[in-house]
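Asker:
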Amino acid sequence: MAASGEILRLCHWDLDMPEDRLEFLHETLSADERARIERLATPRLQARAIAARGGMRQALGRHLGAAPASLRFVTTSFGKPLLAGGGIQFNLSHSGGLALLGISEHGRIGVDVEQAAQVPLELLAMLAPAEAAAIALLDGLDQAAAFFDCWTRKEAFAKATGLGMSLPFDSFDVVSRSGHVTLLGPVAAAVAAAPRVWRTASLGRIARCYGAVSVETTLDCVPFALEPLH
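Each residue of the sequence shown is one higher than the one before, counting from 1111 in the numbering used here.
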């Protein structure tokens, strides 16, 4: 049985919330978070941003046994948020009204969710050759499922490294069903930190979205618990 610290904690929640819930979450946000949200273009975007950021604070606070409003964050040069003072690693993604948060005590973590849609053909050219070739053999719903399974794992890995979209997506391959990430170029190889390795896993469909997680670990297999945030 895996120790509790070896299990990745993944939680998801709907960003379209009742007004009283949004008001509660808004009270947990910092002044800077509130100011950034107020600059968003529409009330719906503002409400979803409150739900995303406030929900993240709720989940992290529960994991740490801390008041959500007490949490402080810093941001890397590539825009990835971290807890001030270090500690656990986390990552947030949201798409199509769904939020997904990953929490890790292994090492760096990234998550991604993407709303189900037709395959964006212009993105196929960004994949590693083996990934693009495997997806091109399929069509219809099978092709869409394979593409989003691949794309979400790639985004999760890129976010976990902290480089995000600045990491060329053709410089690493996630086509392996074992979850191992194959680094193909010097940029991707720069994120390797032996004896740690990178693992990715597809979460399949979560409501109307595809999801994935990537984590830096010394383990051959990383168990995870996926649950809704209440």
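Glycine included, C-beta positions come from ideal geometry on N, C-alpha and C.
Source: prediction; values computed, not measured.
Return the Cβ separation of Gly1295 and Val1223 in integer angstroms, given the expectation that the two are a contact with Cβ distance under 8 Å.
Answerer: The pair is not a contact, with the Cβ atoms about 27 Å apart (cut-off 8 Å).
Asker: Can you find a heavy atom of the ligand GTP that lies under 7 Å from the Cβ of Val1301?
Answerer: Ligands displayed in this structure: none; no statement on the ligand GTP is therefore possible.
Asker: Can you give me the start and stop residues for the beta strand (DSSP E) that Ala1335 sits inside?
Answerer: 1334-1338
Asker: List the endpoints of the continuous alpha helix (DSSP H) containing Asp1280.
Answerer: Looking at the DSSP string, Asp1280 is not in any alpha helix (DSSP H), and its letter there is neither H nor E.
Asker: In terms of residue numbering, what span does the alpha helix (DSSP H) encompassing Leu1174 cover?
Answerer: Counting along the chain, Leu1174 sits inside the alpha helix (DSSP H) bounded by residues 1153-1174.
Asker: Give a yes or no on whether the C-beta atoms belonging to Met1127 and Ala1161 are separated by under 8 Å.
Answerer: yes
Asker: Can you pull the DSSP bridge partners for Trp1123?
Answerer: Ala1209
Asker: Could you check if Glu1241 is buried or exposed, using at least 16 other CB atoms within 10 Å of its CB as the buried criterion?
Answerer: buried
Asker: Is the CB-CB distance between Ile1316 and Leu1248 below 8 Å?
Answerer: no
Asker: Can you check whether the CB of Gly1164 is closer than 8 Å to the CB of Leu1139?
Answerer: yes
Asker: In three-state DSSP terms, what is Gly1272?
Answerer: Coil at Gly1272, not helix or strand.
Asker: Between Trp1308, Ser1205, Val1332, which lies nearest to Glu1326 when the distance is taken from Cα to Cα?
Answerer: Trp1308
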